[in-house]
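K.L.:
Structure incoming, see below.
Protein chains: 4
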Amino acid sequence: MDYNEKQVQIIETAEKLFANNGFEGTSIRDIAQEAGINIAMISYYFGSKEKLMEAIFAYRIKTTFLKMENIINNDNYTPFQKVEKFIEHYIDKMFGNQCFYRLMMREPYIQEFHNISDLVYEAKKNNLELAKKVIHEGQKRGEFRKNVDVGMMIMTMIGTANHFVTTQEFYKRYNNMLEMPQVEFEKHMRKKLYHHLKTLFKSILTHEEK
Amino acid sequence: MDYNEKQVQIIETAEKLFANNGFEGTSIRDIAQEAGINIAMISYYFGSKEKLMEAIFAYRIKTTFLKMENIINNDNYTPFQKVEKFIEHYIDKMFGNQCFYRLMMREPYIQEFHNISDLVYEAKKNNLELAKKVIHEGQKRGEFRKNVDVGMMIMTMIGTANHFVTTQEFYKRYNNMLEMPQVEFEKHMRKKLYHHLKTLFKSILTHEEK
Amino acid sequence: MDYNEKQVQIIETAEKLFANNGFEGTSIRDIAQEAGINIAMISYYFGSKEKLMEAIFAYRIKTTFLKMENIINNDNYTPFQKVEKFIEHYIDKMFGNQCFYRLMMREPYIQEFHNISDLVYEAKKNNLELAKKVIHEGQKRGEFRKNVDVGMMIMTMIGTANHFVTTQEFYKRYNNMLEMPQVEFEKHMRKKLYHHLKTLFKSILTHEEK
Amino acid sequence: MDYNEKQVQIIETAEKLFANNGFEGTSIRDIAQEAGINIAMISYYFGSKEKLMEAIFAYRIKTTFLKMENIINNDNYTPFQKVEKFIEHYIDKMFGNQCFYRLMMREPYIQEFHNISDLVYEAKKNNLELAKKVIHEGQKRGEFRKNVDVGMMIMTMIGTANHFVTTQEFYKRYNNMLEMPQVEFEKHMRKKLYHHLKTLFKSILTHEEK
DNA sequence: GATGAATGAGGATTCATTCAT
DNA sequence: AATGAATGAATCCTCATTCAT
Chain G
86 MDYNEKQVQI IETAEKLFAN NGFEGTSIRD IAQEAGINIA MISYYFGSKE
136 KLMEAIFAYR IKTTFLKMEN IINNDNYTPF QKVEKFIEHY IDKMFGNQCF
186 YRLMMREPYI QEFHNISDLV YEAKKNNLEL AKKVIHEGQK RGEFRKNVDV
236 GMMIMTMIGT ANHFVTTQEF YKRYNNMLEM PQVEFEKHMR KKLYHHLKTL
286 FKSILTHEEK
Chain W
86 MDYNEKQVQI IETAEKLFAN NGFEGTSIRD IAQEAGINIA MISYYFGSKE
136 KLMEAIFAYR IKTTFLKMEN IINNDNYTPF QKVEKFIEHY IDKMFGNQCF
186 YRLMMREPYI QEFHNISDLV YEAKKNNLEL AKKVIHEGQK RGEFRKNVDV
236 GMMIMTMIGT ANHFVTTQEF YKRYNNMLEM PQVEFEKHMR KKLYHHLKTL
286 FKSILTHEEK
Chain B
86 MDYNEKQVQI IETAEKLFAN NGFEGTSIRD IAQEAGINIA MISYYFGSKE
136 KLMEAIFAYR IKTTFLKMEN IINNDNYTPF QKVEKFIEHY IDKMFGNQCF
186 YRLMMREPYI QEFHNISDLV YEAKKNNLEL AKKVIHEGQK RGEFRKNVDV
236 GMMIMTMIGT ANHFVTTQEF YKRYNNMLEM PQVEFEKHMR KKLYHHLKTL
286 FKSILTHEEK
Chain C
86 MDYNEKQVQI IETAEKLFAN NGFEGTSIRD IAQEAGINIA MISYYFGSKE
136 KLMEAIFAYR IKTTFLKMEN IINNDNYTPF QKVEKFIEHY IDKMFGNQCF
186 YRLMMREPYI QEFHNISDLV YEAKKNNLEL AKKVIHEGQK RGEFRKNVDV
236 GMMIMTMIGT ANHFVTTQEF YKRYNNMLEM PQVEFEKHMR KKLYHHLKTL
286 FKSILTHEEK
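The structure is reproduced here in structure tokens:
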């Protein structure tokens, strides 16, 4: 399960190409060429193209979906601070691993065919339950409204964030930001997303129904 | 630009398969077999696989992104009723054309290579501007808060709705609804989404900042 | 065996395309498009693509390889004048039917597969024997040398003339005549060829061996 | 640019089939079957059918159009001996590479579409200029007539020789030589062609105009 | 451990032809 | 008489994978 330098290089190259062109739209030749390695090495290291896909998921889910617990269990934060941290964390992860997130979005079916279904399911479930825990805590402490559908809130956060990534190109074009350097643009996006989701959650969690 | 019965059948079959398996993951053979037609007919009718993809977009965007104006311009509705109608309409369209929406989500790159880029851009822009119009109207009438980022609200609506569709399988499994018939499940989802987004928008648009 | 206007149009279009791109390199669609007729008409009129090829040969050989006898049997001409007429006639025919001649040159195998083998054989044989007749007449009258290989002379005439047509493009480029209008260029070529072959034949037929 | 054994085998097989059936009339399957190799190997080695055609030309022109200079520059030969050697050399090359010569004759257009145009042009030009050099030398030494159109003489040589190859089948049939073994037949043809062209050139180059 | 050569399977597309009208 | 729709066969090419080295 530990990948050497070359294997990691292959994984990351493949991830990028799969995200851009899809699993079937990317050939092993493409990956080998982009990564500067021999074509046969992919089958050699991973067994097959499918197994490489599995490796990507295993690699990312392991290194990506961890360490959320630390935030949740830090007692120095108020419930809403925890929510904020949670949002920040998700956004940071997503921007830091855009390719992988785009890949997950575009190849949902891939789960069914390969041995990653459970992995992904567990990661999502884990995420959801952490969020529930935070919000329930806030409710118990009387700081959040009672009748909040936590599942829907999480979907809103993830959906909005994901769509943000997906729709970047439209956004750029619509707002005449095509010339802005990618790094700056991402910074802008990220900040905007932070603010929006925090405001949204605050509004939902603390707004009194009339 | 008018497609006969057989052409529509091909378009809809291809749309489904492209949505499930991707453009490159779907062979012309697959489409022909599923649609019960001869393999050569696809090239015969559409010229190529790529042109078929273009036809799908042209077909759907034309028939899907219309008639939203009627809602917006109906003076019998209050601004918030218009927002509700807008949300309903988007959700209905999306559930009614799940395949196409999933296809758009998974193949964003396809726009760049083919002649659908502008089509999609215009549709999205049109959508966004209609939403802006409604909300600005509510603001002018003092019924909505002033400092609402309309763009972000739309992204939230679309992102949440899209994610809802994408994540169905996880949702089913997580909530032990795997046995529920698809039709009933969708009804359930749709209702839930209606409610959630309306509540969300109400909260955002009318909640007074403290 | 009599072709109507449309059939002739198809034949001539096909002849041109076959000459330029070869039999297999030309599709029925190409011919139909170029001739401005329906695709099905070719099979309808001629039965098949192969039969169309046969029709071209039948059509051209009939109308092309005739009337040579008149020259030969005209008693007002001296033997060498007859040779000159013969040369002129061949060159004129060839320039007037360049496409057909190029077609014959590039598709010699086609004879074996189709029913035109005998047709072509007879035409060639007829040509050769007419030439022999003229030259033998000149020899009998003591005006031509005795030991002339008539077959080789004919091959020289035909080969040179054919090569002239084939190598036009090289000739143009080599002599900086790329800008010259095709009509003028052909006139130039034809004149040159007349003169060359006549001189050649005169030299061969009348030159006394030392 | 150096081809291994298998590549050469493919090139020579393809050359033969292209010469007989044309570029478009020959399928990759045909070539693979005749050469006893896997179909995919052709694309593997050459990239495409077109590139294979280019390879044939590159291969032949390189190995075929060389070493003529040696003859020309050999000072032991008289000008007419050089002409004879030149003729012999051309005929030998042509009979030794009949397929390639037939291929060049039947696919002149192929030059325009592919990267061999210049290659062929240079080879032809080179050939022509060597011939000119020889004849001009003879003229300078007063052994050849002054007013000889060297270009036309070369065309005569090449055209006659080429036509000889093209028309073999007719010749055989006409002269009842269908039963003669090919090797013996070729020997006969070659000898005949030697003699004819040498006589022809002698007559033209040395015959005094009256 | 690492790789270049080789291949069978399957990809999209074009083809000449047929048939109902 | 003439044609648009439709199709099975064949086209070239790319694919992921294997194997001897």
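Chain order of the listed sequences is G, W, B and C.
Per the numbering used here, the very first residue in the first sequence carries number 86; after that it's consecutive.
Per the numbering used here, the very first residue in the second sequence carries number 86; after that it's consecutive.
Per the numbering used here, the very first residue in the third sequence carries number 86; after that it's consecutive.
Per the numbering used here, the very first residue in the fourth sequence carries number 86; after that it's consecutive.
Note that CB positions come from ideal geometry on N, CA and C, so glycine has one too.
Model, not experiment: these values are computed from the prediction.
Would you call the region 255-275 of chain W and the region 153-162 of chain W in contact, with 3 or more CB pairs under 8 Å?
P.N.:
The region 255-275 of chain W makes no contact with the region 153-162 of chain W, as fewer than three CB pairs between them are under 8 Å.
K.L.:
Going by the beta-carbon positions, is the gap between E154/G and L213/G smaller than 8 Å?
P.N.:
no
K.L.:
Against chain C, which members of the region 97-127 of chain B pass a CB distance test of less than 9 Å?
P.N.:
N105, N106, G107, F108, E109, G110 and T111
K.L.:
Please report whether the beta-carbon of G223/B lies at a distance below 8 Å from any beta-carbon of chain C.
P.N.:
Chain C places no beta carbon closer than 8 Å to that of G223/B, leaving this residue out of the contacts.
K.L.:
Classify N247/W as buried or exposed, calling it buried when 16 or more other Cβ atoms lie within 10 Å of its own Cβ.
P.N.:
buried
K.L.:
Would you verify that the beta carbon of T148/C is, or is not, closer than 8 Å to some beta carbon of chain B?
P.N.:
no
K.L.:
What's the gap between the Cα of K167/B and the Cα of K178/C?
P.N.:
36 Å
K.L.:
Report yes if the C-beta distance between A296/W and Q94/W is below 8 Å; otherwise report no.
P.N.:
In the structure as shown, chain W begins at 86 and stops at 295. Residue 296/W is therefore absent and cannot be evaluated.
K.L.:
First and last residue of the alpha helix (DSSP H) that includes V205/G?
P.N.:
S202 to K225
K.L.:
Look at I141/G and A99/G and say whether their C-beta atoms are less than 8 Å apart.
P.N.:
yes
K.L.:
Can you pull the chain B neighbours of L215/C, defined as C-beta to C-beta under 9 Å?
P.N.:
Those within 9 Å of L215/C in chain B number zero; the least Cβ separation is about 14 Å.
K.L.:
Give the straight-line distance between the Cα atoms of F286/G and Q253/G, rounded to the nearest whole angstrom.
P.N.:
23 Å
K.L.:
What does the Cβ neighbour count give for G223/B, buried or exposed, with the cut at 16 atoms within 10 Å?
P.N.:
buried
K.L.:
Should H280/W go down as buried or exposed, given a rule of 16 or more other Cβ atoms within 10 Å for buried?
P.N.:
Result: exposed.
K.L.:
Hey, G132/B and E192/B: beta-carbon distance below 8 Å or not?
P.N.:
no
K.L.:
Name, please, each residue of chain C whose Cβ falls closer than 9 Å to the Cβ of I243/B.
P.N.:
Those are G244, T245, H248 and T252, listed as they occur along chain C.
K.L.:
What residues in its chain sit with their C-beta under 8 Å from that of V205/C, if we drop five residues either side in the sequence?
P.N.:
F142, I146, M189 and Q196
K.L.:
Is the beta carbon of V233/C less than 8 Å from the beta carbon of I289/C?
P.N.:
yes
K.L.:
If you check the beta carbons only, do F255/B and M274/B fall under 8 Å apart?
P.N.:
no
K.L.:
Any idea what DSSP makes of H281/C, helix, strand or coil?
P.N.:
helix
K.L.:
Along chain G, which residues have their Cβ under 8 Å away from the Cβ of Y279/W?
P.N.:
Annotation: Y279/W has no Cβ neighbours in chain G at a cutoff of 8 Å; minimum Cβ distance is about 11 Å.
K.L.:
Could you run through the region 130-142 of chain W and flag, in chain order, every residue whose CB is less than 9 Å away from some CB of chain G?
P.N.:
Near chain G, meaning a CB-to-CB distance below 9 Å, no residue of the region 130-142 of chain W qualifies.
K.L.:
Using 8 Å as the limit for Cβ to Cβ distance, is D177/W near chain G?
P.N.:
Output row for D177/W: interface = no.
K.L.:
Within its chain, find whatever has a CB closer than 8 Å to the CB of Y88/B; leave out the 5 residues flanking it on each side and keep chain order.
P.N.:
I96, A140 and Y144
K.L.:
Is L263/G helix, strand or coil when you go by DSSP?
P.N.:
In the structure shown, L263/G adopts coil according to DSSP, grouped into three states.
K.L.:
For Y88/W, does the three-state DSSP call read helix, strand or coil?
P.N.:
coil
K.L.:
For chain C, find out if any of its Cβ atoms is closer than 8 Å to the Cβ of P193/B; answer yes or no.
P.N.:
yes
K.L.:
Please specify which runs of the alpha helix (DSSP H), each continuous and at least 4 residues long, are wholly inside the region 91-179 of chain G, giving them in chain order.
P.N.:
Unbroken alpha helix (DSSP H) stretches of 4 residues or longer found wholly inside the region 91-179 of chain G: 113-120, 125-131, 134-149 and 153-157, given in chain order.
K.L.:
Hey, how far is the Cα of M242/W from the Cα of S128/C?
P.N.:
51 Å
K.L.:
In chain order, what residues of the same chain lie with their CB nearer than 6 Å to the CB of R187/C, ignoring the 5 residues before and after it?
P.N.:
Answer for R187/C: A104, listed in chain order.
K.L.:
Under three-state DSSP, which class holds K231/B?
P.N.:
coil
K.L.:
At a Cβ threshold of 8 Å, is M237/G touching chain W?
P.N.:
yes
K.L.:
Along the chain, where does the alpha helix (DSSP H) containing Y194/C start, and where does it finish?
P.N.:
Neither: Y194/C is in no alpha helix (DSSP H) and is coded neither H nor E.
K.L.:
Would you mind sorting K53/W into buried or exposed? The rule is 16 or more other CB atoms within 10 Å of its CB.
P.N.:
Since the first and last residues shown for chain W are 86 and 295, residue 53/W lies out of range.
K.L.:
Give the DSSP-derived three-state secondary structure of T252/G in the structure shown.
P.N.:
coil
K.L.:
Grouping DSSP H, G and I as helix and E and B as strand, with all else coil, what is R275/B?
P.N.:
helix
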